[in-house]
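Student: Structure provided below as structure tokens; questions to follow.
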Amino acid sequence: MSEQELEQTLVLIKPDAMKNSLTGYVLSLLSEFHSGLHYSAAKVVHVDKMLAEEHYGEHKGKIFYPSLIKFIM
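Quick note: to get our numbering, add 844 to the position in the sequence shown (first position is 1).
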């Protein structure tokens, strides 16, 4: 596959999985079910309120929005 044909996927491992040390398990499952998957980078990001609101902006005004923002932070 040429560089122009490469697909990229962003994987977000949410806080509950991080707290339960499931990061390796999640990544191994992805590799198992998607043969040929190669990781090009990894980064741990602390999600602050501004980033959470930007990421979940489509849900603003919905009943679950405040708890969603609190959960992801």
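Every residue gets a Cβ at the ideal spot worked out from N, C-alpha and C, and that includes glycine.
1) What are the start and end residues of the alpha helix (DSSP H) that includes His-878?
2) Going straight from the alpha carbon of Val-870 to that of Val-855, what length do you get?
3) Following the continuous alpha helix (DSSP H) through Phe-915, name the residue where it begins and the one where it ends.
4) How many whole angstroms separate the CB atoms of Ala-896 and Ile-916, which I take to be in contact at a CB cut-off of 8 angstroms?
Tutor: Considering the structure as presented:
1) Locating residue 878 in the sequence shown gives position 34, counting from the first residue. Premise fails: His-878 is in no alpha helix (DSSP H) and is neither H nor E.
2) Locating residue 870 in the sequence shown gives position 26, where the first residue counts as 1. Locating residue 855 in the sequence shown gives position 11, where the first residue counts as 1. Here the alpha carbons of Val-855 and Val-870 stand approximately 10 angstroms from one another.
3) Taking the first residue of the sequence shown as 1, we reach residue 915 at position 71. Start and end: 909-916.
4) By one-based count along the sequence shown, residue 896 stands at place 52. By one-based count along the sequence shown, residue 916 stands at place 72. Beta-carbon to beta-carbon, Ala-896 and Ile-916 are separated by about 5 angstroms, close enough to satisfy the 8 angstroms threshold.
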